[in-house]
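When you line the sequence shown up against this note's numbering, it's residues 1452 to 1727, in that order. Note that the Cβ used here is the ideal one computed from N, Cα and C, for glycine as well.
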Amino acid sequence: MIELGNYNSLTILRSTSVGLFLGDEDVDDLLLPNKYVPDDFEIGDKIDVFCYLDHEERPIATTLKPFIKRNEFGFLRVAEVNDVGAFMDWGLEKHLLVPYGEQRTNLVAGNWQVIYCYLDDKSFRLVGSSRLSKFLNNDSMEISENDEVELLVYRRSELGWDVVVNGRHRGLIFHSDVFQKLAEGDRVKGFVKHIRPDKKLDISLQPIGARALEPAAQMIYQKLMEQGGYLNLHDKSSPEEIKTWFSMSKKTFKKAIGTLYKDHKISIKKDGIYKV
């Protein structure tokens, strides 16, 4: 069965003046237009194509690769807005519609927005939504505290940055845990800092606890070598100075230089850190 909004491996059934007709055991009339037909093919060959609805709402195949697929989140540009809704550029000829009812705030042409793509069960069309919360589920999670996770940053709030975690869950990076520049649409790695009783996820951009010390210590030692064996930083340096140099918290910094000191790699003096 052909899945709209996804890649399908289909058989080339016949070649016509308008393109190739593809199919599987259920469908035998899916068109791959001439512009997407490969140079070399044989009838009976398998071909991987993305399937969606064309401008006349007919299923059609393409070899173009969309920026997001069905049931995925992506950062897309608003191509145009009309009385139906906003149309997002997702890498295909036909733009992805985000109806007004699926817009958290009114989308503006030229702006970028994190969007979820899904198959509407009433119209059977692929549509987008910027109302992301209803597509994020924290009730059933296969992650634990300290796990490394993939993040998509989608909104800044008074508390911090809301993120999509592993493409399925909602998490929050508190402002106090941000030591690097973030922007909506950024894809970064993070770590599960805390899973609350209500299943909310607190996320850190740095490894947690002992796991954080090795990469932090390595970063500091590498910078020390690059600076000729001296850094104008020490355990009394301000959090802002440490953040500027290493994008880490002062707590992590102090633990890391403590590790380097115990390993006899550095000496810590009033005016800074020296390589031993």
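Other residues of its chain near residue i: CB distance less than 7 Å, five sequence neighbours each side excluded
i     : result
I1719 : H1685, D1686, I1708 and Y1712
P1517 : F1501, W1541, G1542 and L1543
L1682 : K1674, L1675, G1723 and I1724
L1482 : V1469, G1470, F1472, I1511 and A1512
Y1672 : L1711 and K1716
Residue i classed as buried or exposed, judged by whether at least 16 other C-beta atoms fall within 10 angstroms
i     : result
E1553 : buried
M1676 : exposed
V1438 : Residue coverage of the chain in this structure runs from 1452 to 1727, which leaves residue 1438 outside it and unanswerable.
Y1551 : exposed
L1583 : buried
F1492 : exposed
I1717 : buried
H1620 : buried
V1469 : exposed
V1727 : exposed
T1467 : exposed
A1537 : buried
F1697 : buried
S1700 : buried
G1525 : buried
Under the three-state DSSP convention, the category residue i falls into
i     : result
N1485 : helix
A1537 : strand
D1653 : strand
K1721 : coil
L1548 : strand
T1556 : coil
S1584 : helix
F1472 : strand
K1705 : helix
K1573 : coil
L1711 : helix
K1694 : helix
I1594 : coil
G1561 : coil
Short Cβ contact (8 Å threshold) for residue i with residue j
i     : j     : result
V1488 : Y1458 : no
V1643 : D1598 : yes
D1505 : I1498 : no
G1636 : I1624 : no
L1587 : L1577 : no
L1473 : T1462 : yes
L1527 : V1535 : no
I1654 : V1614 : yes
L1633 : V1604 : yes
H1400 : E1593 : The question about residue 1400 has no answer, for the chain in this structure spans 1452 to 1727.
V1629 : L1656 : yes
V1478 : I1453 : yes
G1622 : E1523 : no
N1589 : L1652 : yes
A1560 : V1532 : yes
Cβ neighbours of residue i in the same chain (closer than 6 Å, five flanking residues each side left out)
i     : result
S1580 : E1553 and Y1567
V1639 : L1602
T1556 : none
W1612 : V1604, I1624 and L1633
Close beta carbons around residue i, own chain, < 8 Å, minus the five adjacent residues each side
i     : result
D1496 : T1462 and I1463
R1521 : E1454, L1455, G1456, N1457, C1568, Y1569, L1570 and L1577
Whole runs of the beta strand (DSSP E) within the stretch 1496-1531, excluding any shorter than 3 residues | Unbroken beta strand (DSSP E) stretches of 3 residues or longer found wholly inside the stretch 1496-1531: 1497-1504 and 1510-1513, given in chain order.
Could you give the uninterrupted runs of the alpha helix (DSSP H) lying entirely in the stretch 1607-1692, keeping only those of 4 residues or more?
-> List check, alpha helix (DSSP H) in window: 1661-1677.
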